[in-house]
Amino acid sequence: MAKTTGPLISIRRLNKAYGTFTVLHDIDLDVAEGEVVCIIGPSGSGKSTLIRCINHLEAFSPDSTITVDGTRVAPGPALAKVRAEVGMVFQSFNLFPHMTVLRNVMLAPMRVRKASPEDAERKARELLARVGISEQAEKFPGQLSGGQQQRVAIARALAMEPGVLLFDEPTSSLDPEMVGEVLDVMRKLAGTGVTMIIVTHEMGFARQVADRVIFMDAGRLVEAGTPAEIFDNPREERTRSFLRAVL
Ligand code: ADP
Ligand code: MG
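Right, here's the structure in full:
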């Protein structure tokens, strides 16, 4: 990835509305290269919308600015560059059901990066090993458990060698016994210096892995700090009452 001096992701006065309903109010956020940021907050507080704005899966107010590695996020030709730089892992995996696990991971590098099939396959097998599912390469997504499918989705996102990975509640649709294996993969990634922004309800994971925790409520970034600051000593009453309810 091209080195820039400033933050990898810079969000300034991000506003977004659906009709007359404002979903995001003046969000300011910088994320440095290698940083792991966890976003917590009640359902409907705008967490998904915020991270979906980063690769412009959601449009936002034109007087707001988001830059990714120095490129401004806006409709137009530069958007492909941003999207190649930003990997996304969703709650619902979104794998292609008619393709094998291996093909799922090979597809984007071949289509977007014009990788040769040989290179794409070598890379895909390497990534499947990294997320611990080498032996599932020739299966179809429907033959895998939810936890395995989510690990494929992480490998698929990594195949594009993104500068940042966005996760939107990656363990929320998993059976409880599969949450740990996905969090383990994410913890390992965080340890290798991958920049990550993670929306999660897993407070133990956030406390352990995040460099910074952000609490959102009603479309606002209420409070940001280290895990110790947010979990042990929150400044805002809204943060305290949320944590009382979930911890
Ligand atoms: P979170 O991820 O924190 O649960 P979301 O970002 O999904 O919150 O949603 C924030 C708010 O935006 C919610 O009140 C939700 O109902 C509203 N919202 C999300 N998508 C749409 C949409 N397409 N049209 C109208 N309102 C929406
Ligand atoms: Mg959400």
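Counting from 0, one number per residue, gives the positions in the sequence shown under numbering that gives the first Met the number 0. All residues carry an ideal CB built from backbone N, CA and C; glycine is no exception. Only a predicted model underlies this, so the values are computations on that prediction, with no experimental measurement involved.
N-terminal and C-terminal residue of the beta strand (DSSP E) that residue i is part of
i	result
ILE26	20-30
VAL88	85-88
ALA16	8-17
GLU222	219-224
Straight-line Cα distance separating residue j from residue i
i	j	result
PHE133	GLU228	Reading off the sequence shown, one finds Ser at residue 133, where the question assumed Phe. Cα to Cα, the separation comes out at about 39 Å.
THR48	LEU165	12 Å
HIS55	LEU78	8 Å
LEU106	ASP118	12 Å
LYS113	LEU246	47 Å
ILE26	GLU57	15 Å
ARG82	MET195	15 Å
GLY45	CYS52	11 Å
PRO96	PHE20	36 Å
Enclosing alpha helix (DSSP H) for residue i [first to last residue]
i	result
GLU117	116-129
LEU106	100-110
ALA152	145-158
Cβ-Cβ separation, residue j to residue i (assumed contact under 8 Å), whole Å
i	j	result
ARG206	PHE230	5 Å
ALA16	VAL104	Wrong, their Cβ atoms sit about 37 Å apart, outside the cutoff.
ASN14	LEU28	Incorrect: roughly 13 Å between the Cβ atoms, too far for contact.
SER42	SER172	Actually they do not touch by this definition, with Cβ atoms about 14 Å apart.
GLY224	ARG211	7 Å
VAL163	GLU84	7 Å
ILE153	VAL184	6 Å
Cross-strand partners of residue i (DSSP beta bridge)
i	result
CYS37	ILE197 and VAL212
VAL181	According to DSSP, which records beta bridges pairwise, VAL181 is partnered with nothing at all.
(message) Which residues end up in the neighbourhood of the ligand ADP when you take C-beta atoms closer than 5 Å to any of its heavy atoms?
(response) TYR17, VAL22, SER42, GLY43, SER44, GLY45, LYS46, SER47 and THR48
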